[in-house]
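Notes for the one structure printed next.
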Amino acid sequence: MAVKMKKAYSTIKQEDVTAKYVEQHQELKVGLECHICRIGVAHKNSYKRVESPVPTHFTRKPRLEHREGCKYNTLGQVTEIAKDSDDKILENIKKNKFTFRLTMIHEPLRDLGKQSNNFTNNDGTAAPKKDRKYVSKGKLSSYLATMIKVLELRKAVEDDNSNELESIIEIQMYGKKIKWSNFYYDQEKYLDAYNYLQTLKTKRHPICIEGVVRDIRPLKQGDRYAVNLKFGKTEKDVEQIPSVSILCNESDIPSITFEPGQHIVVCALCTASQSKISNKYLNIRASLYHKNQLVIFKEDEEL
Numbered sequence: 020m021a022v023k024m025k026k027a028y029s030t031i032k033q034e035d036v037t038a039k040y041v042e043q044h045q046e047l048k049v050g051l052e053c054h055i056c057r058i059g060v061a062h063k064n065s066y067k068r069v070e071s072p073v074p075t076h077f078t079r080k081p082r083l084e085h086r087e088g089c090k091y092n093t094l095g096q097v098t099e100i101a102k103d104s105d106d107k108i109l110e111n112i113k114k115n116k117f118t119f120r121l122t123m124i125h126e127p128l129r130d131l132g133k134q135s136n137n138f139t140n141n142d143g144t145a146a147p148k149k150d151r152k153y154v155s156k157g158k159l160s161s162y163l164a165t166m167i168k169v170l171e172l173r174k175a176v177e178d179d180n181s182n183e184l185e186s187i188i189e190i191q192m193y194g195k196k197i198k199w200s201n202f203y204y205d206q207e208k209y210l211d212a213y214n215y216l217q218t219l220k221t222k223r224h225p226i227c228i229e230g231v232v233r234d235i236r237p238l239k240q241g242d243r244y245a246v247n248l249k250f251g252k253t254e255k256d257v258e259q260i261p262s263v264s265i266l267c268n269e270s271d272i273p274s275i276t277f278e279p280g281q282h283i284v285v286c287a288l289c290t291a292s293q294s295k296i297s298n299k300y301l302n303i304r305a306s307l308y309h310k311n312q313l314v315i316f317k318e319d320e321e322l
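To convert a position in the sequence shown, counted from 1, into the numbering used here, add 19.
Listed below in structure tokens is the structure:
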């Protein structure tokens, strides 16, 4: 179990080299080792998957594992995240198995959603401050910070399509297990997300949506704005297009945080509905009330 690496040790040059450098100097693709624990690693060239590019990186060789304590060992990374998490939101329940308690994020997000509705009148205008009911964010910042670390780790594992992290972390909501496939959706699975949200109706739980920013548009309600993601994958012979919009307040997350082309993931309570203007679009709406609901992936960031 391992994390993608941006740097490795070259036995040819006898020094650390970056994945980008090796991509430009193909003769260095042999004799590569982990720059920390020295197991043999292989170089992978960059490629594009749907709208999201997969940058060049190093991976461990088949049947080799990074040594315990190496930062590229996935299980070791999860163990460290759990140690730093508050109130056992991520807890080691048995050997090589952890539980993430989604309930601890769901309840404050649900209450913040109700609070946001209290801030807006029926006509879309802002309600007077004296009529507003405020909800404390309490330890939500800490809980979401743990979630961010898990999402960043998921993105960093060698094969995004593997069940590596899923086999280590089990997601629970009020004691019931939630499949990762019902929790995390990339751009190819927006239609799955729409259909799943339709089945949940009022029994929603937070889900994660990954994608690429298409545009940012102001809304009529006060300081509200929408971040629209690039459209999801459509099936053959299906004309309807899954469309994801992320709704934010300037006071929670300034709109300058976003820019077209950014690769992001959000964790939010979402709704699904068919467009009233055009039946062509299947709308998914994700509401953000806290900056830690958002992860902006930096493709060139060192791992």
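Ideal placement from N, C-alpha and C gives every residue a C-beta, glycine not left out.
Checklist entry - Are any of the Cβ atoms in chain B nearer than 8 Å to that of Gly251? => result In the structure shown, chain B does not exist; there is a single protein chain.
Next on the checklist: Taking a contact to mean a Cβ-Cβ separation below 8 Å, would you say Thr165 touches Ile100 in this structure?
Outcome noted: Against a cut-off of 8 Å, the Cβ pair of Ile100 and Thr165 comes out as a contact.
Checklist entry - Looking at C-beta atoms only, is the number of pairs between the stretch 283 to 294 and the stretch 158 to 173 that lie closer than 8 Å three or more? => result yes
Checklist entry - How many angstroms separate the CA atom of Glu269 from the CA atom of Leu307? => result 11 Å
Checklist entry - Grouping DSSP H, G and I as helix and E and B as strand, with all else coil, what is Pro261? => result Strand.
Checklist entry - Taking the alpha-carbon positions, what's the Gln240 to Cys89 distance? => result 49 Å
Next on the checklist: With a threshold of 7 Å (Cβ to nearest heavy atom), would Gln312 be considered close to the ligand SAM?
Outcome noted: Looking for the ligand SAM in the displayed structure turns up nothing, as the structure carries no ligands at all.
Item to check | Rounded straight-line distance, which links the Cα of Val36 to that of Asn311 | outcome: 33 Å
Checklist entry - alpha helix (DSSP H) containing Met166: first to last residue? => result Leu159 to Ala175
Checklist entry - Touch check for the stretch 180 to 199 and the stretch 113 to 122: three-plus C-beta pairs under 8 Å? => result They touch, by the three-pair rule.
Next on the checklist: If you measure between the beta carbons of Thr93 and Leu159, is that distance less than 8 Å?
Outcome noted: No, they are not a contact pair.
Checklist entry - Can you check whether the CB of His309 is closer than 8 Å to the CB of Val231? => result no
Item to check | 3-residue-minimum beta strand (DSSP E) runs that sit fully inside the stretch 260 to 321, ordered along the chain | outcome: 260 to 268, 282 to 287, 289 to 293, 300 to 306 and 313 to 316
Item to check | Enclosing alpha helix (DSSP H) for Tyr7 [first to last residue] | outcome: Any answer about residue 7 is impossible in this case: the structure gives the chain only from 20 up to 322.
Checklist entry - Should Pro261 be labelled buried (16 or more other beta-carbon atoms within 10 Å of its own) or exposed? => result buried
Checklist entry - Among all the DSSP beta bridges, which residues are the ones paired with Gln191? => result Arg120 and Lys196
Item to check | Tyr244, enclosing beta strand (DSSP E) - first and last residue | outcome: Arg243 to Leu248
Checklist entry - What do you reckon, are the CB atoms on Tyr51 and His44 nearer than 8 Å? => result Rather than Tyr, the amino acid found at residue 51 in this sequence is Leu. Against a cut-off of 8 Å, the Cβ pair of His44 and Leu51 comes out as no contact.
Next on the checklist: Are the CB atoms of Ala245 and Ile265 within a distance shorter than 8 Å?
Outcome noted: yes
Checklist entry - Thinking C-alpha only, which one of Phe77, Ala21 and Val73 is nearest Tyr40? => result Phe77
Next on the checklist: I'd like the span of the beta strand (DSSP E) that includes Leu109, first residue to last.
Outcome noted: Leu109 to Lys113
Next on the checklist: So if DSSP puts Ile226 in a beta bridge, which residue, or which two residues, is it bridged to?
Outcome noted: Ala287
Next on the checklist: Rounding to the nearest angstrom, what Cα-Cα distance links Lys317 and Lys133 in this structure?
Outcome noted: 33 Å
Next on the checklist: Using a 10 Å radius around the Cβ and a threshold of 16 neighbouring Cβ atoms, would you call Gln96 buried or exposed?
Outcome noted: buried
Checklist entry - Between the Cα of Val8 and the Cα atoms of Ala291, Glu126, Pro127 and Pro237, which residue gives the shortest distance? => result Past the edges of the chain, shown from 20 to 322, lies residue 8, and the structure says nothing about it.
Item to check | Exposure of Pro225, with buried meaning 16 or more beta-carbon neighbours within 10 Å | outcome: buried
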